[in-house]
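Only one structure is covered here, and it is reproduced in the block below.
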Amino acid sequence: MRSVVSRVLLIGVAAALAAAPVMASGFNIYEQGAKASAQAVAFVARADDPTAGYYNPAAITKLEGTQVSFGFSAVLIGDTQLDIAPGTIYTPGRYDMEDNTGFPPHVFVTHNFDNGWAIVGSLTAPFGLKTEWSESFGGRYSARTSDLAVAVLGLGVARDLGSGWSVALGVEYADVQLDEFARNVFLPGIAIPPIPVPDGMGGTIPVTPTPVLPIGGITEPLTNLVADGNDVGFNASIHFRNDEWAFGAIYRDGFEADLDGNVLFSNKFANLNPMVPVWTNDILTAIPTYDPTTAAAVAQGYADGVNASLQAAFTNGPGSGTLTLPGNWAIGLAYLGWERFELELDIATIMWGDFKEIPLVLPTGPEVIEENWSDATTIRLGGAYKLNDLHELRAGIYTDEDPIPDAHARPSIPDSDRLGFTFGYGYLGEKWSIDAYVMYITLDDKTIDVSNFAGDPSVVPGKYESTVTLIGLTGTYRY
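Numbered by this note's numbering, the letters in the sequence shown go through residues 2 to 480 in order.
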């Protein structure tokens with residue numbers, strides 16, 4: 002039954018490890034602070050609060066004393082529709098993703114030693130996923146629910162070089178938790194052997210059976226992958242600031258997280274008795290002169306044997322793989338010469354081109370899933386206007402590329418080229434700052450041709466339509 006297990010496990014694990022949200026390209030979450038996010042995350046050049054620990058650690062030499070920032074983004078997921086095309090195993094029709102909300106947090110602590118050195122510690126969630134489709138979803142054999150969380154602990158050291166310049170190096174530890182990836186098993190796609198019908202002379206006549214069907218109480222089992230892993234990376238950054246201009250650049254290394262876990266099965270059927278009349282008819286159609294009572298007995302014995310094989314295939318077992326969390330680089334330039342207004346332009350690339358394949362080890366042996374994603378470039382323009390010394394308004398706009406080829410598009414990854422609009426507000430007190438933002442992202446409609454299903458059966462062809470809304474809050478305390 003190796004072909005059964007391979008089909009059941011391989012597609013599920015592949016889709017799980019490739020799954021993604023739509024906050025930034027792929028499964029990257031770029032929103033790690035409300036002040037930055039309110040300005041389309043065009044913040045690499047200014048980076049003038051503790052969230053610089055993510056956007057440009059070199060800038061922390063410009064922060065005074067000890068400062069702590071903490072907050073979250075609420076990602077409102079579910080405004081995605083998929084109009085599945087006919088011509089594959091998936092049921093045509095228009096389906097809505099279930100509503101969910103993700104809450105990626107962020108915490109930063111900076112300290113300036115007043116001797117040219119500064120440090121930053123951080124906790125961020127720069128990658129993540131939460132998607133859910135109903136049990137009647139026409140693409141349920143590719144994806145039902147997905148829940149991926151990546152927490153990154155960071156530590157950086159920055160040095161003031163004088164004349165407005167500073168540099169920094171940092172190390173990061175990523176903890177990856179795949180808490181859930183569930184999908185239904187496509188029963189008719191499971192290869193089953195011919196029915197060995199006794200010919201009355203000591204031999205058998207092979208009869209081609211109707212595939213197993215979800216009829217009469219035969220449920221579609223759920224597969225669920227649960228796994229975790231970790232890796233270590235680094236970042237390097239540079240920063241310049243004077244009274245009129247600010248410049249920043251950062252390179253962040255990626256992670257290669259080795260995930261170990263288990264493939265779990267649930268909702269399994271008890272027997273295949275509802276298929277006995279179907280297989281009896283197969284026998285009588287192939288051999289019209291065969292005794293109906295004997296045919297029914299043969300079909301029952303065949304059903305019992307196939308059921309035993311499938312139950313063995315649907316047994317919990319280990320699953321592991323390597324997940325690439327890509328690196329990125331960003332560069333930004335800001336003009337600060339106006340009395341109340343400042344403006345920044347950033348260009349960044351997430352190096353999804355490194356996400357070429359997913360090597361897996363399953364109970365059936367090693368497998369490799371081809372992905373072949375592309376680097377994704379984002380252009381971000383953001384600015385802030387000071388109403389007075391205490392209050393500031395912010396806004397921004399950005400574009401972001403879709404890194405995922407049509408050949409590997411799945412409903413757990415409703416991704417496409419996108420355009421984002423952001424608005425926000427900041428309050429600057431003597432000790433406290435409070436920042437808030439709203440981000441609205443509209444994704445281009447994406448149509449996946451049926452031909453892509455032939456190369457990857459986890460591809461669900463059709464038209465994808467999505468929008469995403471984020472809101473976030475960050476508080477900063479200065480000691």
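We put the beta carbon where it would ideally sit given N, CA and C, even for glycine.
The structure presented is a predicted model; accordingly, all values stated were derived computationally and were not measured.
Subject >> Candidates Asp445, Ala46, Asp416, Trp433: closest to threonine 132 by CA position >> reply: Between threonine 132 and the set Asp445, Ala46, Asp416, Trp433, the nearest pair of CA atoms involves Asp416.
**OP:** Using 10 angstroms around the beta-carbon of phenylalanine 342, count the other beta-carbons present and answer buried if the total reaches 16, otherwise exposed.
**Re:** So phenylalanine 342 counts as exposed.
Subject >> beta strand (DSSP E) runs wholly inside the region 182-231, at least 3 long, in chain order >> reply: Runs of the beta strand (DSSP E) inside the region 182-231: 196-199, 205-208.
Subject >> Residue of Tyr441, Gly66, Asp445 minimising C-alpha distance to glutamate 32 >> reply: Measuring from the Cα of glutamate 32, the nearest candidate turns out to be Tyr441.
Original post:
What beta strand (DSSP E) runs, 3 residues minimum, are completely inside the region 381-419?
Top reply: Those beta strand (DSSP E) runs which fall completely within the region 381-419 and span 3+ residues are 392-401.
Original post:
Taking C-alpha atoms, which residue in His107, Tyr55, Leu344 lies nearest to glycine 473?
Top reply: Closest by alpha carbon: His107.
Original post:
Just the Cα atoms here: how many angstroms apart are valine 23 and valine 469?
Top reply: Note that valine 23 scores 45 on pLDDT, short of 50, meaning its location in the model is unreliable; the coordinates nonetheless yield the value given after this. C-alpha separation (whole angstroms): 7 angstroms.
Original post:
With distances taken from CA atoms, which of Gly201, Asp180, Ala335 is nearest tryptophan 246?
Top reply: Selection Gly201, Asp180, Ala335 evaluated against tryptophan 246 yields Ala335 as nearest (Cα-Cα).
Subject >> Boundaries (first-last residue) of the alpha helix (DSSP H) holding leucine 285 >> reply: Where leucine 285 is concerned, the enclosing alpha helix (DSSP H) stretches over 277-287.
Original post:
The beta strand (DSSP E) with aspartate 161 in it runs from where to where?
Top reply: Run containing aspartate 161: 146-163, per the beta strand (DSSP E) assignment.
Original post:
When the Cα atoms are used, what is the spatial distance from glycine 383 to threonine 102?
Top reply: Spanning the two alpha carbons is a distance of roughly 26 angstroms.
Subject >> Inter-residue Cα distance where the pair is arginine 145 and proline 412 >> reply: So the two alpha carbons sit approximately 9 angstroms from each other.
Original post:
Leaving out the 5 sequence neighbours to the left and right, which residues in its chain are closer than 7 angstroms to proline 1 when beta-carbon positions are compared?
Top reply: What is shown of the chain runs 2 to 480, which leaves residue 1 out entirely.
**OP:** Let me know the secondary structure DSSP gives proline 22 once reduced to three states.
**Re:** With a pLDDT of only 44 at proline 22, under 50, the local geometry of the prediction cannot be trusted, and the value read off the model is given with reservation. Reduced to three states, the DSSP call for proline 22 is coil.
Subject >> Where the alpha helix (DSSP H) containing threonine 125 begins and where it ends >> reply: Segment 118-133 is the beta strand (DSSP E) holding threonine 125; no alpha helix (DSSP H) there.
Original post:
Buried or exposed: glycine 559, going by 16 or more other Cβ atoms within 10 Å of its Cβ?
Top reply: This structure gives no information on residue 559, because the portion of the chain shown stretches from 2 to 480.
Original post:
If you draw a straight line from the C-alpha of tyrosine 428 to the C-alpha of leucine 388, how long is it?
Top reply: If you draw a straight line from the Cα of tyrosine 428 to the Cα of leucine 388, it comes to about 10 angstroms.
Original post:
Thinking C-alpha only, which one of Trp353, Ala271, Glu371, Ile348 is nearest isoleucine 359?
Top reply: Nearest C-alpha to isoleucine 359: Glu371.
Subject >> Within 8 angstroms, strictly: CB atoms of threonine 316 and alanine 300 >> reply: Not in contact: threonine 316 and alanine 300 (Cβ atoms no closer than 8 angstroms).
Original post:
So is alanine 60 buried or exposed if we call it buried at 16+ other beta carbons inside 10 Å?
Top reply: Here alanine 60 is buried. Its C-beta has 16 or more other C-beta atoms within 10 Å.
Original post:
Which of the three DSSP states, helix, strand or coil, is assigned to asparagine 236?
Top reply: Strand at asparagine 236.
Original post:
Quick one: is lysine 36 buried, meaning 16 or more other Cβ sit within 10 Å of its Cβ, or exposed?
Top reply: The residue is buried, with at least 16 neighbouring Cβ atoms inside 10 Å.
Original post:
If you count every other CB in all the chains shown that lies within 10 Å of the CB of glycine 201, and 16 or more means buried, which is it?
Top reply: So glycine 201 counts as exposed.
Subject >> Backbone secondary structure at serine 70 - three-state DSSP >> reply: Strand.
Subject >> CA nearest to the CA of lysine 357, picked from Leu326, Asp254, Ile206, Ala385 >> reply: Checked all of Leu326, Asp254, Ile206, Ala385; the closest Cα to lysine 357 is Leu326.
Original post:
Where does the unbroken alpha helix (DSSP H) through valine 307 begin, and where does it stop?
Top reply: Where valine 307 is concerned, the enclosing alpha helix (DSSP H) stretches over 293-314.
Original post:
Out of Gln312, Ala228, Ala237, which has the shortest C-alpha to C-alpha gap to valine 264?
Top reply: Checked all of Gln312, Ala228, Ala237; the closest Cα to valine 264 is Ala228.
Original post:
Which partner residues does tryptophan 246 have in the DSSP bridge list?
Top reply: Bridge partners of tryptophan 246 according to DSSP: Tyr336.
Original post:
Once you ignore the five residues that flank threonine 62 on each side, which residues in its own chain have a CB closer than 6 angstroms to its CB?
Top reply: Contacts found: Ala119, Ala159, Asp161, Ser167.
Original post:
Just the Cα atoms here: how many angstroms apart are valine 451 and tyrosine 91?
Top reply: One C-alpha to the other measures close to 11 angstroms.
**OP:** Measure the alpha-carbon distance for arginine 184 versus glycine 129 and round it to whole angstroms.
**Re:** Between the alpha carbons of arginine 184 and glycine 129 lies a gap of roughly 19 angstroms.
Original post:
Can you tell which of Gly203, Val198, Ala331, His112 has the C-alpha that lies nearest to the C-alpha of proline 210?
Top reply: Closest by C-alpha distance to proline 210, out of Gly203, Val198, Ala331, His112, is Val198.
**OP:** Look at the alpha carbon of glycine 140 and the alpha carbon of threonine 350, and state the distance between them as a whole number of angstroms.
**Re:** Approximately 31 angstroms between the Cα atoms of the pair.
Subject >> threonine 423 in three-state terms, based on DSSP >> reply: Three-state DSSP puts threonine 423 in a strand.
Original post:
Alpha carbon to alpha carbon, how far is glutamine 68 from leucine 324?
Top reply: The alpha-carbon of glutamine 68 is positioned some 34 angstroms away from that of leucine 324.
Original post:
Is tryptophan 353 helix, strand or coil when you go by DSSP?
Top reply: Tryptophan 353 sits in a helix when the DSSP states are folded into three classes.
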